[in-house]
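In mature numbering (1 follows the signal peptide of the UniProt record, and there is no 0), the protein residues as written are -31 to -1, 1 to 516. The next block holds one structure in the form of structure tokens; read it before the comments.
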Amino acid sequence: MMMEKFALRSRFLLAGAAMSALLLAGAPAGAVTPADTLVEGFAIDDIISMDPGEAFELSTAEVTGNTYDLLVRLDLSDTSKVKGDLAESWTVSDDGLTYTFKLKPGLKFASGNPITASDVAWSFERVIKLDKSPAFIIGQFGISGDNVTEKAKAVDDGTFQFTVDKAYAPSFVLNCLSATVASVVDAKLVKEHVAAVTPSADYKWDNDFGNAWLKTGYAGSGVFKLREWRANEAVVLERNDNYYGEKAKLARVIYRNMKESSGQRLALEAGDIDVARNLEPNDLDAIAKNADLTTTSAPKGTVYYISLNQKNANLAKPEVRQAFKYLVDYDALSSTILKGIGEIHQTFLPKGVLGELDENPFKLDVAKAKELLAKAGLPDGFSVTMDVRTGQPTTGMAESIQQTLGQAGIKLEIIPGDGKQTLTKYRARNHDIYIGQWGQDYFDPNSNAQTFASNPDNSDAAKTKTLAWRNAWDIPDLTKQTEAALLEKDAGKRADMYKDLEKKILDTSPFVVIHQQLEVAGLRKNLKGFALGPSFDTNFVGPVSKE
């Protein structure tokens, strides 16, 4: 369904004027959210598209995780494993190349259309042919637009077959298929909304596979269905009564775009929202003192980092890259704006992942940084810009870094923007310095190693656009090492390979990893079943109810 004016939708969402009150940032104090609706205050300005074949932002991952199904999904009781979602069972061929999935019987999309293996196959085909940012998660298995219909195909209505190019560890393949890009879309419904495209040298297909429509539309089978997304305002989900499993306990979920921690806290205290998702330490402390409220938290496989674009001649100097690592006041950040929401962590693999290196060698050392800058021929420093998504903790982190850089003579100009603006610029390699967060696409060390330590093609026209690529860091040797680690079957040897990669990234990279996220949320005590998962696409709202 195409997005329409919100006033025309309100009768489907909440009775009377309650909906308008919920979505207005200045809703009157004392408002009460409806008994059948979960309202979350959440910074969702990073959302660019709702198409699971295109979306690659943290907020969208949470929406997609609740509105689309996958063949397999992360097992939250043991995150080293996956469990069947649409797939009832699966087998791997003796040569390790072919994965055969049997679908559960009687499955339906929210539209009422049956879910078949052909839908799964077409979902893979459209991801590969669209070739948007997350397509590499599927494409890395030797899948291309020319061979995808043979490599990802329906054997019959209930059987899907996926053939990879190498005998990877099965856990790696299955973890990749648990990523949101592998969401299964309603092929019949989407095909009704495809737009014609004139083939070109860059895009040889004659249609957009429904991408323009799915940017705001919905064609899934999850516990909730997307009712509406209003950019920088709200996302509205509605219970999917065709869902194959246990139905959602609430009728709808509303994510209100609220960027400021204090605004979220005030709205939570007043009853205007049920959950506050972007709380800073001071507001967390205030909530802890309120008898009507409580908090919950979960460590996330997400790291915050700054990155230095190697297209900038000053930032490309090895001594400058290292100097930046000594110009972050990690301890001060840990005790102030990161208190309770993160812990200092300087390696690219988050804790809990195979091969994670628990080393934090850098401290604020201005004298050391000045020495390195002098070796780089920049004893008086230089001027540079940093793109920053407005809101906390990134704004506070940027301001702290601005101050410490200044002590070494580096003049930093902060360029604020919303999530969409900063990400678009970053993905085009048009930044000097970017500060942001990176979450795992799947629970395997390759997820982060591939993006921080691999760059197969550093040209502007590259197909694989890792974080190393975004920062124009040309690293053929590290890329080969990353590929070798992926194929190592022995878990101990593989872990050692990743530790070696992390040491090299610590010393030489344009990445300054600062901390690992501890996601926290404040909530009203009448909520039951609300929990945060280990990743944003596992923050499930189906089990939530109200007393």
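Where a beta carbon is used, it is the ideal one built from N, C-alpha and C, also for glycine. Predicted, not measured: the structure shown is a model, and the values here were computed from it.
The alpha helix (DSSP H) runs lying completely inside the segment 13 to 39 and spanning 4 residues or more are 27 to 36, given in chain order. With 16 or more neighbouring CB atoms inside 10 Å of its own CB, lysine 286 falls in the buried class.
Asparagine 329 and threonine 316 have their alpha carbons spaced roughly 7 Å apart. In the structure shown, the three-state DSSP call for glycine 461 is helix. Excluding its 5 nearest sequence neighbours in each direction, threonine 393 has C-beta neighbours in its own chain below 8 Å: Ile17, listed in chain order.
In this structure, the CA atom of proline 503 is about 22 Å from the CA atom of lysine 228. Per DSSP, glycine 179 lies in no alpha helix (DSSP H) and is assigned neither H nor E. Residue range 56 to 61 is occupied by the beta strand (DSSP E) that includes alanine 56.
Taking 7 Å as the cut-off, the Cβ atoms of valine 8 and isoleucine 223 count as close. The DSSP-derived three-state label of aspartate 125 is strand. One alpha carbon belongs to glutamate 457, the other to aspartate 413, and they sit about 13 Å apart. Listed in chain order, the non-local C-beta contacts of glycine 111 below 8 Å within the same chain comprise Lys120, Val133, Asp134 and Lys135, local neighbours out to five positions each way being set aside. The three-state reading of DSSP puts lysine 50 in coil, since its state is none of H, G, I, E or B. Counting C-beta atoms within 10 angstroms of its own C-beta, alanine 431 has fewer than 16 neighbours from the protein chains shown and is therefore classed as exposed.
For aspartate 64, the CB contacts under 8 Å within the same chain, skipping 5 residues up- and downstream, are Ala136 in chain order. Between the C-alpha atoms of valine 142 and aspartate 410 there is a straight-line separation of about 12 Å.
DSSP, read as helix, strand or coil, puts methionine 466 in helix. Taking all protein chains in view, the Cβ of asparagine 116 is surrounded by fewer than 16 other Cβ atoms within 10 Å, so the residue is classified as exposed.
Nearest Cα to leucine 470 within the set Thr448, Ser80, Glu488 and Ile483: Thr448. Under the DSSP assignment, isoleucine 306 falls outside any alpha helix (DSSP H); it carries neither an H nor an E label. Pairing leucine 323 with glutamine 485, the inter-Cα distance amounts to about 16 Å.
Within the same chain, Cβ atoms closer than 8 Å to the Cβ of aspartate 252 are found at Ser230, Ser231, Gln233, Arg234, Ala245 and Gly491, the five residues on either side in sequence being excluded.
Per the coordinates, the alpha-carbon of alanine 377 lies some 25 Å from the alpha-carbon of arginine 358. For lysine 389, no beta strand (DSSP E) encloses it; the enclosing alpha helix (DSSP H) starts and ends at 388 to 396. Contact annotation, isoleucine 402 with isoleucine 275: C-beta distance approximately 6 Å; criterion of less than 8 Å satisfied. If you look at phenylalanine 293, you'll find it in the alpha helix (DSSP H) that goes 287 to 294. Burial state of glutamine 450 is buried, judged by a 10 Å Cβ sphere holding 16 or more other Cβ atoms. Between the C-alpha atoms of alanine 188 and tyrosine 213 there is a straight-line separation of about 15 Å. In the DSSP annotation of this structure, the continuous segment of the alpha helix (DSSP H) that includes serine 92 starts and ends at 86 to 99.
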